[in-house]
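A.B. asks: If you're matching positions, the sequence shown starts at 0 in numbering that gives the first Met the number 0 and goes up one per residue. We treat Cβ as the ideally placed atom computed from N, Cα and C, and that holds for glycine. Can you read through this structure? Questions will come right after.
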Amino acid sequence: MTRIPEAKMSRDFSFGVTKLLRDPAIVKQLDMQGQISEIFVTSSWIADNEIINLEGVAESVHEGILVKANISTKWLGECVRCLSPASGDLKVSVIELFEEKAEPEGDTYPFDGDVVDLSEMIKDNLVLELPLVPLCNKDCRGLCQHCGQNLNLASCDCVDKVIDPIWESLSGIEFPEET
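So this is what it looks like as structure tokens:
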């Protein structure tokens with residue numbers, strides 16, 4: 000289940016484009032930090048209070064405003080193998096077009112008047128980069144299928160070999176020892 004809250008105008012990730020629209024030769028440097036409401040995918044998320052960094056450029060093109068940027072933040076989650084906390088860095092490079100009269104379901108983002116808000120674009124790109132199968136570490140051993148022991152913390156005395164019920168009746172056969 001993916002939950003992306005409705006985007007609200009964020010001053011943290013908004014900038015004016017009046018000069019860009021008047022003079023196509025101008026390239027606006029973007030260096031922004033801010034927070035966006037929680038982004039959540041299955042077992043990983045970006046918390047409400049997590050700082051999101053964006054560095055890049057915005058330039059005027061025939062179709063609208065083109066934004067090229069690198070976005071970085073930290074994600075949190077629950078390891079799918081052992082249920083321990085998991086976390087990591089998230090980095091994504093984006094190239095997105097903002098159009099004044101963009102279609103709601105189109106491939107570009109809308110902007111209104113002389114202000115571009117990058118919040119929706121940031122959310123869309125970060126949610127695609129969140130791990131669907133977060134791990135506390137790549138060598139996580141998970142939980143024992145029988146007793147639930149976290150095998151990263153301690154071993155258990157459970158039988159490692161699970162016998163298929165179809166072959167279980169053969170386990171009682173005793174063979175004579177070879178001499």
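With the cut-off set at 8 angstroms, would you say residue 157 and residue 143 are in Cβ contact?
C.D. replies: The answer is yes: Cβ separation under 8 angstroms.
A.B. asks: Less than 8 angstroms separating the beta-carbons of residue 51 and residue 28?
C.D. replies: It is not a contact, given that the beta carbons lie outside the stated cut-off.
A.B. asks: So, with DSSP's three-state summary, where would you put residue 30?
C.D. replies: It is a strand residue.
A.B. asks: Since residue 38 and residue 126 are thought to touch, with beta carbons under 8 angstroms apart, how far apart are those beta carbons, to the nearest angstrom?
C.D. replies: With 8 angstroms as the limit, residue 38 and residue 126 qualify as a contact, their Cβ atoms being about 5 angstroms apart.
A.B. asks: Which same chain residues, not among the five before or five after residue 1, have their C-beta less than 8 angstroms away from its C-beta?
C.D. replies: With a pLDDT of 41 at residue 1, under the threshold of 50, the modelled position of that residue is not reliable, and no figure is offered here.
A.B. asks: Rounded to whole angstroms, how far is the Cβ of residue 128 from the Cβ of residue 91, which I believe are closer than 8 angstroms?
C.D. replies: Right, the Cβ-Cβ distance comes to about 5 angstroms (below 8 angstroms), so this counts as a contact.
A.B. asks: Starting from residue 18, follow the alpha helix (DSSP H) in both directions and report where the run begins and ends.
C.D. replies: Per DSSP, residue 18 belongs to the alpha helix (DSSP H) from 17 to 21.
A.B. asks: For residue 177, which residues of its own chain have a beta-carbon under 8 angstroms away from its beta-carbon, when the five flanking residues on both sides are left out?
C.D. replies: Here the set comprises nothing.
A.B. asks: If residue 86 sits next to residue 74, beta carbons under 8 angstroms apart, how far is it from one beta carbon to the other, in whole angstroms?
C.D. replies: The Cβ separation is near 6 angstroms, so the contact holds.
A.B. asks: With a Cβ-Cβ cutoff of 8 angstroms, do residue 141 and residue 81 count as a contact?
C.D. replies: It is a contact, given that the beta carbons lie within the stated cut-off.
A.B. asks: What beta strand (DSSP E) runs, 3 residues minimum, are completely inside the stretch 51 to 93?
C.D. replies: For the stretch 51 to 93, whole beta strand (DSSP E) runs of length 3 or above, ordered along the chain, are 51 to 60 and 63 to 77.
A.B. asks: Hey, residue 108 and residue 119 are a contact pair by Cβ (cut 8 angstroms); roughly how many whole angstroms apart?
C.D. replies: Between residue 119 and residue 108 the Cβ distance is about 6 angstroms, and since that is below 8 angstroms, they are a contact.
A.B. asks: Indicate whether residue 67 and residue 45 have their beta-carbon atoms separated by less than 8 angstroms.
C.D. replies: Not in contact: residue 67 and residue 45 (Cβ atoms no closer than 8 angstroms).
A.B. asks: Could you have a look at residue 137 and say whether DSSP puts it in helix, strand or coil?
C.D. replies: Residue 137: coil per DSSP, three-state reduction.
A.B. asks: What whole-angstrom Cβ distance do residue 134 and residue 96 have, given they're in contact under 8 angstroms?
C.D. replies: Rounded, the Cβ-Cβ distance is 35 angstroms, inconsistent with contact.
A.B. asks: Within 10 angstroms of its Cβ, does residue 169 collect 16 or more other Cβ (buried), or is it exposed?
C.D. replies: Looking at its Cβ environment, which holds fewer than 16 other Cβ atoms inside 10 Å, residue 169 is exposed.
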